[in-house]
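Undergrad: Can you keep this structure in mind? I'll have questions shortly.
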Amino acid sequence: MQGESHACRSLEREDARHEPRLIDGGSIRCVAKEWSLTRGNKMRIERFEEGIVFWQSISRLTVLLLVPFYSFWPRYETKRAGCPIGLELIASELIAKGFNVIFIDACMAAYNQLTEQLDGTVRYGLTDKQLAKVLERFNPAIVGITSLFSNQAESVEAVAGIVHQAYPDAIIVEGGGHATGDLEGVLASPNVDMLVNREGLITFPELCASIEARHTTKYKTSVEGVSYKTEAGQSVHNPDRPFIKNLDVLAPRRLEIPLHTMYNVPEHTGGSRHVKYGRLAYVLTSMGCPLHCDFCFIPTLTGTIRYFSLARFEQDVVRLKEAGVTEIVVEDDMLFDNMPRALQIGEILHRHGMVWFEEGGLSMFKFMKPGYGLTYQDVLTSLATNGLYRFYLAIESANKDSLAKSHKPDINSEAGVAEEIVRYAAKKGIEAVGGFMLGFKGRNGGGLEFEETREDIERTVAYAKRLKEAGLAYVMLFLYTAIPGTRAYEYLSSVFPELDLRTSHERSAFPVGGLTPVELTELRLRWMQEVNGDSSTGLATLTKNWGL
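This is the structure:
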């Protein structure tokens, strides 16, 4: 290409001793040509506003990892975003295996830029033109797009279209929660060539290696955990890949991505930061969940439960501290699966001077029956002593039947014990944000259908108000949502085949309890204000608490 040759010639005129630089209209392969003139064999890292490049060798393939921009309904939904730790860990694996890696976050790169969309939603993140302009700088062979949330499927598809136009010859791969739950739907896109199902940490790097070795083409691969389309357009689903059991086999975490300036903000996914100096970082100490709730996709996506060793975790904390991090967001799906280990996590963070916020959700039933000879007072005292300042408390419902029939521990509905726990957390100075779910509708394991009445729904709202008065810092009322790949989705999509069920937990998608989706969505807003108090109107925006 004439433009690419010109960009390469421009680079060749640069002093070979200088760091490689990016030139608009050029490509990373041109940057590689400049790098090849330098001495030694060190990795070159190039930071730019929207992401970061790790360049290692002109002889290796270049892989682009991309976080899409997102959109929301301003009246009903809150903006949510943070450091995409899953994609970041995949980047670490690719870098450790010698690939050239480009990492772009089209959401956080312009998080406060709002663009109205034709359907009434508002995008937060780069515009189409801005993303296309960023993509002009590079020339990857493979593009991996994370597709986590079903209500953001249209945003991901828009991104895939922009990528396909920019790189018509590249292999475009989607992965993540939605991609795994809706294999056929995602593969139906003309802009997607392949899909990574479930264990992306291992599968995607292996797919890249297979492409580099020419064992995989755009229309065929034998890599486990990958779905693809043949040249005739037929979908092929390779066997699932087993989950790795010990997370310590993963490559050391590259800190350049989580410490990028776009993630160094005064807020995080659960509200305002506690420490205003230093830096914030997101961490995982485990992946997966041993529960199998009908409405949750985590066990399918990330497995039952797997751990990083405490030694590995502490090594990461030490590295983060040395990099200037003072505050941690713990993203585990089930931190309390092993209670003594969870308390040791807090001790490690405290030992290295970190305050922390728990975002993944601490289960109410684990506080009620922590086991190991512990009481909820023991647990909360330990957490408070070791720097936990806020956590998300998964309470879910006041209705025992709704919980039990959804395969959720029904002990959560015991209001008296729950109130004691909330009061004690407040006494210890920990902000507990309570999560409640409204509008359960499903089919029990025995095949019997169930549906909450409006009275059931209002009972949970009253439960939330009681616990707010007992000391919850904030109450978040969620709506029962059908996520593709779950038992709830399988049932509800058969009941409502004409409805698009891919909504968030803040917008209802189907009628329940005699209420239309619009009625329930509006009622949720009213109940949120009633439970949290009149002064809570606009609280999420005022305090940057969009993740509550």
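The sequence shown: position 495 = 494 (numbering that gives the first Met the number 0), numbered continuously.
Note that the Cβ used here is the ideal one computed from N, Cα and C, for glycine as well.
Are the beta-carbon atoms of Glu-326 and Glu-358 separated by less than 8 Å?
TA: Here residue 326 refers to the residue found at position 327 when the sequence shown is read from its first residue. Here residue 358 refers to the residue found at position 359 when the sequence shown is read from its first residue. No, Cβ-Cβ distance for Glu-326 and Glu-358 is not below 8 Å.
Undergrad: Near Phe-477, which residues of its chain fall below 8 Å by C-beta distance, leaving aside the five closest residues on each side in sequence?
TA: Indexing the sequence shown from 1 puts residue 477 at position 478. Hits under 8 Å: Gly-434, Phe-435, Met-436, Leu-437, His-504 and Glu-505.
Undergrad: Taking Gly-124 as the reference, which of Pro-83, Pro-67 and Ala-393 has the closest Cα?
TA: The residue labelled residue 124 in the question sits at position 125 within the sequence shown. Comparing Cα-Cα distances from Gly-124 to each of Pro-83, Pro-67 and Ala-393, the minimum goes to Pro-67.
Undergrad: Residues in the same chain with beta-carbon distance under 6 Å from Asp-23, minus the five sequence neighbours each way, listed in chain order, please.
TA: What you label residue 23 is simply residue 24 of the sequence shown in a count that begins at 1. Residue placement at Asp-23 cannot be trusted, given a pLDDT of 31 that sits under 50; what the coordinates show is reported in the next sentence. Here the set comprises nothing.
Undergrad: Report the residue from Glu-153, Gly-85 and Leu-86 whose alpha carbon sits nearest the alpha carbon of Leu-117.
TA: Working through the sequence shown from its first residue, we reach residue 117 at position 118. When only C-alpha atoms are compared, the closest one is Glu-153.
Undergrad: Kindly indicate which residue of Glu-205, Glu-173, Phe-335 and Gly-180 has the alpha-carbon position closest to the one of Asn-190.
TA: Translated into positions along the sequence shown, residue 190 becomes position 191. Minimum Cα distance to Asn-190 is reached at Glu-173.
Undergrad: When we look at the beta-carbon of Ala-151 and count the other beta-carbons within 10 Å, is it buried (16 or more) or exposed?
TA: For the purposes of this step, residue 151 is taken as the residue at position 152 of the sequence shown. This sequence places Gln at residue 151; Ala is not what is there. Gln-151 should be labelled buried.
Undergrad: Hey, how far is the Cα of Ile-304 from the Cα of Tyr-391?
TA: Start at 1 with the first residue of the sequence shown, and residue 304 comes out as number 305. Start at 1 with the first residue of the sequence shown, and residue 391 comes out as number 392. Their Cα atoms are separated by approximately 19 Å.
Undergrad: Given this structure, state the Cα-to-Cα distance separating Ile-141 from Leu-147, to the nearest angstrom.
TA: One-based indexing of the sequence shown puts residue 141 at position 142. One-based indexing of the sequence shown puts residue 147 at position 148. In a straight line, the C-alpha of Ile-141 is about 19 Å away from that of Leu-147.
Undergrad: Output the distance between the C-alpha atoms of Ser-55 and Asp-127, rounded to the nearest integer angstrom.
TA: Position 56 of the sequence shown, counting from 1, holds the residue named residue 55. Position 128 of the sequence shown, counting from 1, holds the residue named residue 127. In the sequence as displayed, the identity of residue 55 is Gln instead of Ser. Distance between the alpha carbons of Gln-55 and Asp-127: 29 Å.
Undergrad: Which of helix, strand or coil does DSSP assign to Trp-72?
TA: Position 73 of the sequence shown holds residue 72. Residue state, collapsed to three classes: coil.
Undergrad: Determine the DSSP secondary structure at Met-554, reduced to helix, strand or coil.
TA: Since the displayed the chain opens at 0 and closes at 547, residue 554 lies outside it and no answer follows.
Undergrad: From the DSSP output, which residues share a beta bridge with Thr-114?
TA: Residue numbering aside, residue 114 sits at position 115 when the sequence shown is read from its first letter. Answer is Arg-122, bridged to Thr-114.
Undergrad: Which residues bound the alpha helix (DSSP H) around Lys-365?
TA: Here residue 365 refers to the residue found at position 366 when the sequence shown is read from its first residue. Here the alpha helix (DSSP H) through Lys-365 covers 363-367.
Undergrad: Could you tell me the boundaries of the beta strand (DSSP E) in which Val-235 lies?
TA: As a first step, residue 235 is located in the sequence shown; it is residue number 236 there, counting from the start. That run of the beta strand (DSSP E) goes 234-236.
Undergrad: Could I get the ranges of all uninterrupted alpha helix (DSSP H) runs contained in the stretch 299-349, with 4 residues as the minimum, in chain order?
TA: 309-321
Undergrad: On the criterion of 16 or more Cβ atoms from any shown chain inside 10 Å, does Glu-33 qualify as buried, or is it exposed?
TA: Against the sequence shown, residue 33 aligns to sequence position 34. Since pLDDT at Glu-33 reaches only 34, below the 50 mark, its modelled position is unreliable, and the value read off the structure follows with that caveat. Buried.
Undergrad: Per DSSP, what kind of secondary structure is Tyr-262 in: helix, strand or coil?
TA: In the sequence shown, counting from the first residue as 1, residue 262 sits at position 263. The answer is helix: DSSP assigns Tyr-262 an H, G or I state.
Undergrad: Taking C-beta to C-beta, are Ala-159 and Ile-144 nearer than 8 Å?
TA: In the sequence shown, residue 159 corresponds to position 160, counting from 1. In the sequence shown, residue 144 corresponds to position 145, counting from 1. Their beta carbons are under 8 Å apart, which means Ala-159 touches Ile-144 by this criterion.
Undergrad: For Leu-63, which residues from the same chain have a beta carbon less than 6 Å from its beta carbon, with the 5 sequence-adjacent residues on both sides left out?
TA: Looking up residue 63 in the sequence shown gives position 64. Same-chain partners within the cutoff: Ile-101, Pro-139 and Val-142.
Undergrad: Rounding to the nearest angstrom, what Cα-Cα distance links Ala-487 and Tyr-281 in this structure?
TA: Taking the sequence shown and counting its residues from 1, one reaches residue 487 at position 488. Taking the sequence shown and counting its residues from 1, one reaches residue 281 at position 282. Answer to the nearest angstrom: the Cα atoms are 30 Å apart.
Undergrad: Per DSSP, what are the beta-bridge partners of Leu-216 in this structure?
TA: One-based indexing of the sequence shown puts residue 216 at position 217. Sequence check: residue 216 is Thr here, not Leu. In DSSP, Thr-216 forms a bridge with Lys-219.
Undergrad: From the DSSP output, in three-state form, read off His-267 for me.
TA: Taking the sequence shown and counting its residues from 1, the one referred to as residue 267 is at position 268. Correct three-state label for His-267: strand.
Undergrad: Just the C-alpha distance for Asp-104 and Leu-65, rounded to the nearest angstrom, thanks.
TA: Translated into positions along the sequence shown, residue 104 becomes position 105. Translated into positions along the sequence shown, residue 65 becomes position 66. Cα to Cα, Asp-104 sits roughly 6 Å from Leu-65.
Undergrad: Where Gly-532 and Glu-76 are concerned, what is the direct C-alpha to C-alpha distance, given to the nearest angstrom?
TA: The residue given as residue 532 occupies position 533 in the sequence shown. The residue given as residue 76 occupies position 77 in the sequence shown. Answer to the nearest angstrom: the Cα atoms are 18 Å apart.
Undergrad: Any idea what DSSP makes of Glu-45, helix, strand or coil?
TA: Position 46 of the sequence shown, counted from the start, is the residue given in the question as residue 45. Three-state DSSP puts Glu-45 in a strand.
Undergrad: Is the stretch 306-314 close to the stretch 260-272, with three or more CB pairs under 8 Å?
TA: Using a Cβ-Cβ distance cut-off of 8 Å, the stretch 306-314 and the stretch 260-272 are not in contact, since fewer than three pairs of beta carbons, one from each stretch, lie closer than that value.
Undergrad: Roughly how many whole angstroms lie between the Cα atoms of Phe-509 and Gly-184?
TA: The sequence position of residue 509 within the sequence shown is 510, counting from 1. The sequence position of residue 184 within the sequence shown is 185, counting from 1. Phe-509 and Gly-184: Cα-Cα distance of roughly 20 Å.
Undergrad: How many whole angstroms separate the CB atoms of Gly-386 and Met-353, which I take to be in contact at a CB cut-off of 8 Å?
TA: For the purposes of this step, residue 386 is taken as residue 387 along the sequence shown, with counting starting at 1. For the purposes of this step, residue 353 is taken as residue 354 along the sequence shown, with counting starting at 1. Indeed, because the Cβ distance is near 6 Å, the residues count as touching under 8 Å.
Undergrad: Determine the DSSP secondary structure at Gly-287, reduced to helix, strand or coil.
TA: Numbered from 1 along the sequence shown, position 288 holds the residue referred to as residue 287. Here Gly-287 sits in coil by DSSP.
Undergrad: Please report the distance separating the alpha-carbon of Glu-451 from that of Gly-512.
TA: Here residue 451 corresponds to residue number 452 of the sequence shown, with the count starting at 1. Here residue 512 corresponds to residue number 513 of the sequence shown, with the count starting at 1. One C-alpha to the other measures close to 6 Å.
Undergrad: Measure the C-alpha to C-alpha separation of Phe-366 and Asp-181 and round it to an integer number of angstroms.
TA: If you number the sequence shown from 1, residue 366 lands on position 367. If you number the sequence shown from 1, residue 181 lands on position 182. Straight-line Cα distance between these residues: approximately 34 Å.
Undergrad: Note the first and the last residue of the continuous alpha helix (DSSP H) segment covering Val-460.
TA: In the sequence shown, residue 460 corresponds to position 461, counting from 1. 453-469 is the span of the alpha helix (DSSP H), which, as asked, contains Val-460.
Undergrad: Mark Lys-440 as exposed unless 16 or more other C-beta atoms lie within 10 angstroms of its C-beta, in which case mark it buried.
TA: As a working mapping, residue 440 is identified with position 441 in the sequence shown. Per the 10 Å Cβ criterion, buried.
Undergrad: Looking only at DSSP bridge pairs, what is Val-62 linked to?
TA: Counting from one through the sequence shown, the residue named residue 62 turns up at place 63. Looking at the DSSP assignment, Val-62 forms a beta bridge with Val-100 and Ile-141.
Undergrad: Within its chain, find whatever has a CB closer than 8 Å to the CB of Cys-292; leave out the 5 residues flanking it on each side and keep chain order.
TA: Here residue 292 refers to the residue found at position 293 when the sequence shown is read from its first residue. Closer than 8 Å at the Cβ level, and outside the excluded window around Cys-292, lie Ser-405, His-406 and Lys-407.
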